[in-house]
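For reference, the structure discussed in these notes is given below.
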Amino acid sequence: MDKKRKISIIGSTGSIGTQALEVIEKLQDKFEIIALAGGNNAELLKEQAEKFKPKFIYAQKDIKIDGTKSLKNLDEIAENQENDIILVACSGKIGLKPTLKAIENGIDIALANKETLVMAGDIVMKKAKENGVKIIPVDSEHCAIHQCIKDISQVEKLIITASGGPFLHKSIEEIKTATVKEALAHPRWNMGRKITVDSATLMNKGLEIIEAHHLFGMDYDDIEVVIHPQSIVHSAIEYKDGSVIAQLGLPSMHIPIQYAISYPERFEGIKSKSFSFSEIARLDFEKPDFEKFPTVKLAYKAGRMGGSATACLNAANEEAVFEFLDGKINLYQIYEITKEIFDNHKVIQNPTIEEIFEVDEKTRLQTKELIKKITQK
Ligand SMILES: NC(=O)c1ccc[n+]([C@@H]2O[C@H](COP(=O)([O-])OP(=O)(O)OC[C@H]3O[C@@H](n4cnc5c(N)ncnc54)[C@H](OP(=O)(O)O)[C@@H]3O)[C@@H](O)[C@H]2O)c1
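Numbering (this note's numbering), first residue to last: 1295 to 1671.
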């Protein structure tokens, strides 16, 4: 990377966004920030803008910073061809539109927002191929697989690891009565609220299976999940000859974020300490319990159905997670409600992007109505 790489961050005020800025601060001679975008946390965005001096900012609230132009929408970032790469680190469905726009403009994507691929993976990956755009995964599991793969045609299966979340060895009864605070207490990762709840129900792993299918073009039958509570092995691949290549590292999102925004180069960035097998001492693996965490099975089913099925799954789950965070339903009901909505969805094969957004909107309304009905009983 001779010249500075020009980067914009969508979701700079979130967990991934703030860690990305820590990486960039450490690698100031490697990156120049074009735009920062956040949602409601205008205070933090302002602080970031004053420190990193981007040319542009976007916030849902109107904020003014001297020397920085405020944009009206995220598309303005995605259309700016000054960008070499855009880190899409917002949560939920907001990421899809600007990602597609950036791809149309030939801008590479460092993708944290897994919902983009869950909603419209076929369209996004096809467009990226047509436009010669790289999609580099930030999600630690996919980033690990990206690092392991030399030739995808030689790969037999992908092995995605999962920490198991805070309820790994708890009973279904304990999961049902879990409080929001307990669900948000992830044993390994400090993340945004939506993904943390998804990690507690294991839906996060389900979404990651769909994400992996699109990123690496693997059949669902060749994507396996294994529980690995220490989160040291971030994922692995098995080659046809039986060789298994895994990527390891201490559980820190700085590493995959830095990999994705610097790819194909590697720099000495934020590496808190050197890796030591003897300090880690043991690595455990176990089969996931799909009875206790049926969300994973549901995600496999949606992925295999294809078309609009995964957009429906994503929208129903996301709305149910919001209602859980609002104290309206219990943790296990996220699955029950998502399943009921999903089972009634009429799948559209090869949907257009407009149809995907329609499914998304309709599913959200149906989910809210169902929750209202359940909670009023
Ligand atoms: N956190 C992790 O370790 C991790 C790991 C792997 C993958 N991911 C994925 O990365 C994505 C982000 O996760 P996160 O944990 O960083 O979430 P988060 O902490 O909740 O951050 C979400 C970000 O999106 C911004 N945002 C929300 N609405 C917006 C809008 N309308 N326009 C622009 N920005 C908007 C938020 O802004 P405000 O805060 O200002 O409202 C915030 O900056 C998710 O898709 C998640 O699945 C996260």
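Even glycine gets a Cβ: it sits at the ideal position worked out from N, Cα and C.
Please report the straight-line C-alpha distance between residue i and residue j, rounded to a whole angstrom.
{"i": "ALA1412", "j": "LEU1607", "result": "Per the sequence presented here, residue 1412 reads as Val, with Ala not at that position. In a straight line, the C-alpha of VAL1412 is about 9 Å away from that of LEU1607."}
{"i": "LEU1452", "j": "ALA1530", "result": "6 Å"}
{"i": "GLU1649", "j": "LEU1659", "result": "15 Å"}
{"i": "THR1604", "j": "THR1362", "result": "38 Å"}
{"i": "GLU1370", "j": "LYS1581", "result": "45 Å"}
{"i": "HIS1463", "j": "ASP1583", "result": "10 Å"}
{"i": "GLU1319", "j": "ALA1406", "result": "19 Å"}
{"i": "ILE1359", "j": "LEU1381", "result": "22 Å"}
{"i": "LYS1391", "j": "LYS1428", "result": "17 Å"}
{"i": "ASP1620", "j": "ILE1304", "result": "25 Å"}
{"i": "LYS1345", "j": "CYS1437", "result": "29 Å"}
{"i": "ILE1403", "j": "LYS1671", "result": "46 Å"}
{"i": "SER1447", "j": "ALA1414", "result": "24 Å"}
{"i": "LYS1408", "j": "MET1497", "result": "12 Å"}
{"i": "HIS1282", "j": "HIS1528", "result": "The requested residue 1282 does not occur in the structure, where the chain is confined to residues 1295 to 1671."}
{"i": "ALA1554", "j": "ILE1430", "result": "5 Å"}
Is DSSP giving residue i helix, strand or coil here?
{"i": "ARG1487", "result": "helix"}
{"i": "PRO1550", "result": "helix"}
{"i": "ILE1443", "result": "coil"}
{"i": "TYR1352", "result": "strand"}
{"i": "GLU1585", "result": "coil"}
{"i": "ALA1605", "result": "helix"}
{"i": "ILE1453", "result": "strand"}
{"i": "ARG1598", "result": "helix"}
{"i": "GLU1562", "result": "coil"}
{"i": "THR1362", "result": "strand"}
{"i": "LEU1478", "result": "coil"}
{"i": "SER1302", "result": "strand"}
{"i": "ASP1369", "result": "helix"}
{"i": "GLU1580", "result": "strand"}
{"i": "PRO1392", "result": "helix"}
{"i": "ALA1331", "result": "strand"}
Pick from the options: whose alpha carbon is nearest that of residue i?
{"i": "GLU1256", "options": "SER1434, MET1419, LYS1586, LYS1297", "result": "With the chain represented from 1295 up to 1671, any question about residue 1256 goes unanswered, as that position is not in the structure."}
{"i": "SER1564", "options": "VAL1317, ASN1638, SER1306", "result": "One point to set straight first is that residue 1564 is Ile, not Ser, in the sequence displayed. With distances taken between Cα atoms, ILE1564 lies closest to VAL1317."}
{"i": "GLY1332", "options": "LEU1321, ILE1388, ARG1299", "result": "ILE1388"}
{"i": "MET1512", "options": "GLU1476, ILE1439, ASN1498", "result": "ILE1439"}
{"i": "GLU1729", "options": "GLN1354, VAL1382, GLY1400, TYR1352", "result": "Any property of residue 1729 remains undetermined from this structure, which presents the chain solely from 1295 to 1671."}
{"i": "ALA1596", "options": "ASP1356, ILE1642, VAL1432, LEU1544", "result": "ILE1642"}
{"i": "SER1434", "options": "GLY1426, ARG1482, ILE1301, GLN1448", "result": "ARG1482"}
{"i": "PHE1618", "options": "ALA1540, THR1490, GLU1326, SER1572", "result": "THR1490"}
{"i": "HIS1639", "options": "PRO1431, GLU1573, MET1599, LYS1667", "result": "MET1599"}
{"i": "PRO1460", "options": "GLU1652, GLY1543, SER1570, SER1493", "result": "SER1493"}
{"i": "VAL1519", "options": "SER1302, ILE1454, PRO1545", "result": "ILE1454"}
### Query
Which runs of the beta strand (DSSP E), 3 residues or longer, sit entirely within the segment 1488-1554?
1517-1521, 1527-1533, 1538-1542
### Cβ contact check for the segment 1513-1523 and the segment 1417-1431: 3 or more pairs under 8 Å
no
### Task
Would you check if there are 3 or more beta carbon pairs closer than 8 Å linking the segment 1533-1551 to the segment 1470-1479?
no
### Message
Quick test of the definition: if touching needs 3 or more C-beta pairs under 8 Å, does the segment 1442-1451 touch the segment 1583-1592?
### Response
no
### Query
Do the segment 1380-1394 and the segment 1608-1621 make contact, defined as three or more Cβ pairs closer than 8 Å?
yes
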